[in-house]
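K.L.:
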Amino acid sequence: MKKLILITLVVVLIIAASGCGKNKVANIDITTDNTVSSSSQNAGVQETEKLTEATAVENTEVESELNNGSDESENNPQLLQSASVDLDADGINEEVEALQIKVEGDGENNSGELEGILKIIDGNETKKTTFIKKQAGLTGVMTSIKFADLDGDGAKDIFLIIPESGAAFSLNYFFAYSHKEDKSYSFTTDSNLSEFAGGFAFKYLGDGKLEMKNDTISFTTVFDISDSPGLDKDEESNKSYESSWVEPTPVEISENSRIGLVNAKDGGVEIKVPLPVFGRATVDMIGEIDLYYAFGNNFKPVIRSFEVLDFSGEGHKSIGEWNKE
Numbered sequence: 088m089k090k091l092i093l094i095t096l097v098v099v100l101i102i103a104a105s106g107c108g109k110n111k112v113a114n115i116d117i118t119t120d121n122t123v124s125s126s127s128q129n130a131g132v133q134e135t136e137k138l139t140e141a142t143a144v145e146n147t148e149v150e151s152e153l154n155n156g157s158d159e160s161e162n163n164p165q166l167l168q169s170a171s172v173d174l175d176a177d178g179i180n181e182e183v184e185a186l187q188i189k190v191e192g193d194g195e196n197n198s199g200e201l202e203g204i205l206k207i208i209d210g211n212e213t214k215k216t217t218f219i220k221k222q223a224g225l226t227g228v229m230t231s232i233k234f235a236d237l238d239g240d241g242a243k244d245i246f247l248i249i250p251e252s253g254a255a256f257s258l259n260y261f262f263a264y265s266h267k268e269d270k271s272y273s274f275t276t277d278s279n280l281s282e283f284a285g286g287f288a289f290k291y292l293g294d295g296k297l298e299m300k301n302d303t304i305s306f307t308t309v310f311d312i313s314d315s316p317g318l319d320k321d322e323e324s325n326k327s328y329e330s331s332w333v334e335p336t337p338v339e340i341s342e343n344s345r346i347g348l349v350n351a352k353d354g355g356v357e358i359k360v361p362l363p364v365f366g367r368a369t370v371d372m373i374g375e376i377d378l379y380y381a382f383g384n385n386f387k388p389v390i391r392s393f394e395v396l397d398f399s400g401e402g403h404k405s406i407g408e409w410n411k412e
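The following block contains the structure:
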């Protein structure tokens, strides 16, 4: 009997030991599965974080390069001229600076771009206005800056002369700015000027006399081209002078014949804009038309008068004037 009880106890202990071993293996397997799954998820997150970080760094570098380029241009402009002037008639001077910024080109065929900027410091306020953008080349962005009341409002305006190079002559344009009204005007070439110049017709009268006529404004004058190198001894051949023309471009003809400010007869200020009159070719300049502009209330120039000069052997002499009524 004792022997039977002992055998029964041994069998029970073996079964119990087998059950404990199975539970332990199962627990290890579950833990390993969880650990692998967790590691895979973390790896995916880490890869995503690395991609996001790389993209952020790339964007930051591009943004930094762009900012550096912009800051370099804005923080290192070339000061062309400065002045202290009362621009709004309040008795306090504003500080005016004319600046030039160069943007470098990207190759041999691209010399870059020049930008001219007006900087006006009025108390705690700073205003910047671009007055010209042009391709970098033989000329800069300005040759001079002057201050005058262009529109008669009692405050001084800014007047800039801008140089340009042409095929045969140096050219001039102007930029005007009213700080008081915050208005500007850029004079280059326009349809009105072309229409004005195209309104003149020429007729050869013989004996070295060339008539210039504009029926639209009822104006007529006569050039003396008898000493012109282009004049032919054969009078009939001189009919080709009837193809003479007024160039609608402000050419720098001489030191005294280029865009500039002049005193008007009424005590105000006018802008002189000379246009050349060509004979048979651009190497045969027979005279000039000096246009005189005045600014209106809308800060736009209108032609008030003009004078015609004849380049004869006696020098430049006036051969006619026109005044707007």
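Residue numbering for the sequence shown follows our numbering, beginning at 88 and increasing consecutively. Note that the Cβ used here is the ideal one computed from N, Cα and C, for glycine as well.
If you drop the 5 nearest sequence neighbours on each side, which residues of the same chain put their C-beta closer than 8 Å to that of MET372?
P.N.:
By 1-based counting over the sequence shown, the position of residue 372 is 285. Within the same chain, MET372 has close Cβ partners ILE340, PRO363, VAL364, PHE365, GLY366 and PHE398.
K.L.:
For a quick check, are the C-beta atoms of VAL389 and TYR379 less than 8 Å apart?
P.N.:
Walking along the sequence shown from the start, residue 389 turns up at place 302. Walking along the sequence shown from the start, residue 379 turns up at place 292. Their beta carbons are not under 8 Å apart, which means VAL389 does not touch TYR379 by this criterion.
K.L.:
Leaving out the 5 sequence neighbours to the left and right, which residues in its chain are closer than 6 Å to GLN168 when beta-carbon positions are compared?
P.N.:
In the sequence shown, residue 168 corresponds to position 81, counting from 1. Excluding positions up to five away in sequence, the list reads ALA185 and ILE232.
K.L.:
Output the distance between the C-alpha atoms of ASP173 and GLU181, rounded to the nearest integer angstrom.
P.N.:
Numbered from 1 along the sequence shown, position 86 holds the residue referred to as residue 173. Numbered from 1 along the sequence shown, position 94 holds the residue referred to as residue 181. Cα to Cα, the separation comes out at about 6 Å.
K.L.:
Grouping DSSP H, G and I as helix and E and B as strand, with all else coil, what is ALA176?
P.N.:
One-based indexing of the sequence shown puts residue 176 at position 89. In the structure shown, ALA176 sits in coil (DSSP, three-state: anything other than H, G, I, E or B).
K.L.:
Are the beta-carbon atoms of ALA170 and PHE234 separated by less than 8 Å?
P.N.:
What you label residue 170 is simply residue 83 of the sequence shown in a count that begins at 1. What you label residue 234 is simply residue 147 of the sequence shown in a count that begins at 1. Yes. Within cutoff.
K.L.:
Suppose the cutoff is 7 Å on Cβ atoms and the five residues either side in sequence are ignored; what does the same chain contact list for PHE256 look like?
P.N.:
Along the sequence shown, read from residue 1 onward, the residue named residue 256 stands at position 169. Once the five neighbours on either side are set aside, the close Cβ partners of PHE256 are VAL338 and GLU339.
K.L.:
Can you tell me the Cα-Cα spacing of GLY241 and GLU401, whole angstroms?
P.N.:
As a position in the sequence shown, residue 241 is number 154, starting the count at 1. As a position in the sequence shown, residue 401 is number 314, starting the count at 1. Cα to Cα, the separation comes out at about 42 Å.
K.L.:
Can you determine whether any heavy atom of the ligand GTP sits closer than 7 Å to the C-beta of VAL389, and answer yes or no?
P.N.:
Looking at this structure, you won't find the ligand GTP or any other ligand, since it has none at all.
K.L.:
What are the start and end residues of the beta strand (DSSP E) that includes ARG367?
P.N.:
What you label residue 367 is simply residue 280 of the sequence shown in a count that begins at 1. From DSSP, ARG367 is part of no beta strand (DSSP E); its letter is neither H nor E.
K.L.:
Would the beta-carbon of PHE386 fall within 8 Å of that of TYR260?
P.N.:
As a first step, residue 386 must be located in the sequence shown, where it is residue number 299. As a first step, residue 260 must be located in the sequence shown, where it is residue number 173. It is not a contact, given that the beta carbons lie outside the stated cut-off.
K.L.:
Can you say whether LEU318 is buried or exposed, counting buried as having 16 or more other CB atoms within 10 angstroms of its CB?
P.N.:
Taking the sequence shown and counting its residues from 1, one reaches residue 318 at position 231. It counts as buried.
K.L.:
List, from N- to C-terminal side, the beta strand (DSSP E) runs of 3 residues or more that fit wholly inside the region 304–346.
P.N.:
Runs found: 306–311.
K.L.:
Taking the alpha-carbon positions, what's the LEU166 to ILE208 distance?
P.N.:
Residue mapping note: residue 166 aligns to position 79 of the sequence shown, counting from 1. Residue mapping note: residue 208 aligns to position 121 of the sequence shown, counting from 1. Their Cα atoms are separated by approximately 15 Å.
K.L.:
Quick check on PHE234: does DSSP put it in helix, strand or coil?
P.N.:
Position 147 of the sequence shown, counting from 1, holds the residue named residue 234. Looking at PHE234 - three-state DSSP - the assignment turns out to be strand.
K.L.:
Nearest CA to the CA of ASP311: which residue from LYS296, ASN384 and ASN410?
P.N.:
Stepping through the sequence shown from its first residue, residue 311 is reached at position 224. Checked all of LYS296, ASN384 and ASN410; the closest Cα to ASP311 is LYS296.
K.L.:
So, for TRP409: in the same chain, excluding its five sequence neighbours on each side, which residues have a beta-carbon less than 7 Å away from its beta-carbon?
P.N.:
Taking the first residue of the sequence shown as position 1, residue 409 is located at position 322. Taken in chain order, the residues that qualify are ILE304, PHE306, SER392 and PHE393.
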